[in-house]
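Numbering (the numbering used here), first residue to last: -4 to 329.
All C-beta atoms, glycine included, are put in the ideal place defined by N, C-alpha and C.
Below, the structure is given as structure tokens:
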């Protein structure tokens, strides 16, 4: 019995020794394959004008593939969230945030720091910063086309992505602002805003028309620009628009315009384009002008593109007083 007891004891000791040896082999393996815990130290935020530079130092960098700095304004509930891709040099990480992509909106911002390793995206830490510079007031140029029925105003506003709201109140000097009208704008390409106005909405007054542009940016600043249209002097009068010599290869647009006494045509040009390619294929042709008394016959010749059937054609006219008119038509080729 005593021999059996010793034998059992020796067997248990052998098993324990084997298990201990295996554990010694496993522990180093567990240490090397455990998911690393990333931390960042020496995190700094430098606000310089419209650019924010964030720097920090990782405790581990060997497995880091990429680093990202998602940023948003706290009050906007991540609607302006952008994932800024940072750079890494060893354990040093950094990113430069351009506030243009956040609309130059003042306020408190938060930036999270993520690293990407073999496990995916891993959150490291976050920082906040205060951006106090508000967007500078917008600058713009405007162009007015007018005729006897009304006017079209085109505003070109720099950095239109920062615009939050536009309004265009219009009135005449008659009867104390003539029941002022507020209009909204349509937006075209290349920062262009435009709207149409009818003189009939202002009792066809022949005086000065005042147009204000209220441009509000995302920072809350509102800038007001004023434009005037002078209807005290007679404008050129469109008599007719005709389509002549229309084939599948070319066509002519003929405008007859009666010019007021003492007012001449300073320049004329005719932009034309096919409906299928609006507006990438605009051609600007120089028309010919023939006079009969105060009536100008303006002929615009256009060549047609193969396979294009529907066309738009405009006439941009400027008189000797600097006023601009725009007339237009459309046609189908035979």
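- Message: Just to confirm the assignment: which complete beta strand (DSSP E) runs, minimum length 3, are found wholly within the segment 116 to 154?
- Response: 135 to 141 and 145 to 152
- Message: Just verifying my parser: in three-state terms, what is the DSSP assignment at residue 168?
- Response: If DSSP states are grouped into helix, strand and coil, residue 168 belongs with coil.
- Message: Going by C-alpha to C-alpha distance, which of 47, 86, 103 and 53 sits closest to residue 79?
- Response: 47
- Task: Specify the secondary structure class of residue 195 as computed by DSSP and reduced to three states.
- Result: helix
- Task: Please check the pair residue 69 and residue 98, which I expect to be a contact at CB under 8 angstroms, by giving their CB distance rounded to whole angstroms.
- Result: That belief does not hold up - the Cβ atoms of residue 69 and residue 98 are roughly 14 angstroms apart, past 8 angstroms.
- Task: With a 10 Å radius around its C-beta and 16 neighbouring C-beta atoms as the bar for buried, classify residue 317 as buried or exposed.
- Result: The residue is exposed, with fewer than 16 neighbouring Cβ atoms inside 10 Å.
- Item | Straight-line Cα distance separating residue 49 from residue 89 | 5 angstroms
- Message: Mapping the DSSP letters down to three states, classify residue 259 as helix, strand or coil.
- Response: coil
- Message: Going by the DSSP bridge assignment, what does residue 285 pair with across the sheet?
- Response: 292
- Kindly identify the DSSP beta-bridge partner or partners of residue 110. 62 and 117
- Query: Quick one, which of 123, 281, 221 and 141 has its alpha-carbon nearest residue 163's?
  - Reply: 221
- In whole angstroms, what separates the C-alpha of residue 282 from that of residue 310? The straight-line gap separating the alpha-carbon atoms of residue 282 and residue 310 is approximately 9 angstroms.
- Task: May I ask you to list the residues that DSSP assigns as paired with residue 253?
- Result: 232 and 290
- Query: Would you call the segment 294 to 305 and the segment 257 to 269 in contact, with 3 or more CB pairs under 8 angstroms?
  - Reply: yes
- Task: Closer than 7 angstroms by C-beta to residue 123: which residues in its own chain qualify, once you throw out the five before and the five after it? Chain order, please.
- Result: 103, 104 and 105
- Query: Which value, in whole angstroms, describes the spacing of the CA atoms of residue 107 and residue 73?
  - Reply: 12 angstroms
- Item | Exposure of residue 279, with buried meaning 16 or more beta-carbon neighbours within 10 Å | exposed
- Can you tell which of 82, 138, 199 and 277 has the C-alpha that lies nearest to the C-alpha of residue 170? Of the listed residues, the one whose Cα sits closest to residue 170 is 199.
- Message: Once DSSP output is grouped into helix, strand and coil, what is the label at residue 69?
- Response: For residue 69, the three-state secondary structure derived from DSSP is helix.
- In terms of residues, what are the limits of the beta strand (DSSP E) holding residue 83? 82 to 84
- Between the segment 240 to 248 and the segment 202 to 219, do at least 3 Cβ pairs fall closer than 8 angstroms? With contact defined as three or more Cβ pairs closer than 8 angstroms, the segment 240 to 248 and the segment 202 to 219 are not in contact.
- Task: Could you tell me the distance, in whole angstroms, from the CA atom of residue 75 to the CA atom of residue 244?
- Result: 51 angstroms
- Task: Hey, could you find the ends of the beta strand (DSSP E) residue 95 is sitting in?
- Result: No beta strand (DSSP E) contains residue 95, which DSSP labels as neither H nor E.
- Cβ neighbours of residue 111 in the same chain (closer than 8 angstroms, five flanking residues each side left out): Closer than 8 angstroms at the Cβ level, and outside the excluded window around residue 111, lie 59, 60, 61, 62, 63 and 117.
- Task: Return the residue from the list 260, 141, 95 and 119 that minimises the CA-CA distance to residue 126.
- Result: 95
- Helix, strand or coil: which one does DSSP assign to residue 300? Looking at residue 300 - three-state DSSP - the assignment turns out to be coil, as it is neither helix nor strand.
- Item | residue 270 in three-state terms, based on DSSP | helix
- Query: Rounded C-beta distance between residue 253 and residue 234? I'm assuming under 8 angstroms.
  - Reply: With a Cβ gap of about 6 angstroms, residue 253 and residue 234 count as contacting.
- Message: Taking a contact to mean a Cβ-Cβ separation below 7 angstroms, would you say residue 175 touches residue 196 in this structure?
- Response: no
- Query: What residues are listed by DSSP as bridge partners for residue 218?
  - Reply: 210
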